[in-house]
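Q:
In this note's numbering, the protein residues as written are 300 to 546.
#1: Using only alpha-carbon positions, find the residue among 502, 472, 460 and 494 that is nearest to residue 487.
#2: Quick check: residue 517 and residue 493, are their CB atoms within less than 9 Å of each other?
#3: Measuring CB to CB, does residue 271 end up less than 9 Å from residue 465?
#4: Which first and last residues belong to the alpha helix (DSSP H) in which residue 376 is found?
#5: Please state if the CB of residue 385 and the CB of residue 373 are separated by a distance shorter than 9 Å.
#6: On the DSSP bridge assignment, give the partners of residue 318 in chain order.
#7: Looking at residue 399: is its Cβ nearer than 9 Å to the Cβ of residue 544?
#8: Out of 512, 437 and 337, point me to the one whose CA is closest to residue 521's CA.
#9: Please state the DSSP three-state secondary structure of residue 432.
#10: Inspect the beta-carbon positions of residue 527 and residue 328 and report whether they are closer than 9 Å.
#11: I'd like to check one pair, residue 303 with residue 477: are the Cβ atoms closer than 9 Å?
#12: Pull up the DSSP beta-bridge partners for residue 551, would you.
#13: For the alpha helix (DSSP H) that residue 339 lies in, which residues bound it at each end?
#14: Using the beta-carbon count (16 or more within 10 Å), is residue 546 buried or exposed?
#15: Taking the alpha carbon of residue 533 as the point to measure from, which residue in 301, 326 and 505 has its own alpha carbon closest?
#16: Candidates 472, 484 and 366: which alpha carbon is nearest residue 312's?
#17: Between which two residues does the beta strand (DSSP E) harbouring residue 451 extend?
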C-alpha cells in the first residue's frame, strides 16, 4: 500500500460527518475550509499541464461535499485533485488539540558535524543554519542548478542513499515521489517531512521510518483564504498559521 493510500485510509477513518464549506485552488496553495471552521492547505503545482480552460476536472461544486468525498482525491491520477485531497486531509488532521512541539524544525533534528544531509525541496531559511551544523548539505530540486549548488531531483537516486539525514518536502506526497524518496533514504538515521503540505499524522508516517513531521496548523482560516485567493505563499502565512512539529 502506498503512502497516499495509507493517508487516505487514515483520514477517511477520522472524517466522520465533516463537510466542506469552501475550497480555493490558488496559484501558490490550495485551501479547504470545513463547516466547523477547521482549514488545511497544500501546495499547488502550477506547472501541471491541463486540457482546456478548466484546471480542476473533478466534481462540482466542491463546496457542500462531505470531507470524505474530497479525501478520496488523495489517490487521484490528477495532481490538482490530489492537492485538493491533501488540503482536505490537512484540515481534518492538523488540528490545534494535538500534542505538538513548538519551535524551529532544526531544534528537533538529531544532527551534528558528522552528518551529511540530503534536502529534497529548497527550504531557504534552513540552509545557512544547516551548513554551520553538519558536514555536508546536498540540496535537490526539480529544476536544480549544480552550478548554484542545487542538484536536479533525479540526482537523489544516486546521492541520497549516502546521506545520514533526509529532509523531504511533503509536496512529494502530491507529486507521487514520496514512496521512492523514502526507499532511497532507507539508510538515513533521520528522515523528516517538512512544509505546509505536511499531514501531521505520525500514525501514517512513523511505520515508514519517518522520525519528524514539521508542518502547520491554520489559526486564521479567513486570512488564509484571502492569501491563497490572491496567489500568496508561505511568507504571507506568517500570522495565519502556527508552525508545529510532531515526533
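Where a beta carbon is used, it is the ideal one built from N, C-alpha and C, also for glycine.
In this text the structure is predicted, and so the values were computed from the model without any measurement.
A: According to the data block:
#1: Answer by Cα proximity: 460.
#2: Taking 9 Å as the Cβ cut-off, residue 517 and residue 493 do not qualify as a contacting pair.
#3: What is shown of the chain runs 300 to 546, which leaves residue 271 out entirely.
#4: Unbroken run through residue 376: none, as it is neither H nor E.
#5: Yes, Cβ-Cβ distance for residue 373 and residue 385 is below 9 Å.
#6: DSSP, once it has assigned bridges, lists 365 as partnering residue 318.
#7: It is a contact, given that the beta carbons lie within the stated cut-off.
#8: The candidate whose alpha carbon is nearest that of residue 521 is 337.
#9: Here residue 432 carries a helix assignment [DSSP, helix/strand/coil].
#10: Yes, these two residues count as a Cβ contact at 9 Å.
#11: The criterion of a C-beta distance shorter than 9 Å is satisfied by residue 477 and residue 303.
#12: Residue 551 lies beyond the range of the chain shown here (300 to 546); nothing can be said about it.
#13: Unbroken run through residue 339 is the beta strand (DSSP E), 338-342; no alpha helix (DSSP H).
#14: Note on residue 546: under 16 other CB atoms within 10 angstroms of its CB, so exposed under the neighbour-count rule.
#15: Checking every option, the nearest Cα to that of residue 533 belongs to 326.
#16: Taking only the C-alpha atoms, the option nearest residue 312 is 366.
#17: For residue 451, the enclosing beta strand (DSSP E) covers residues 449-451.
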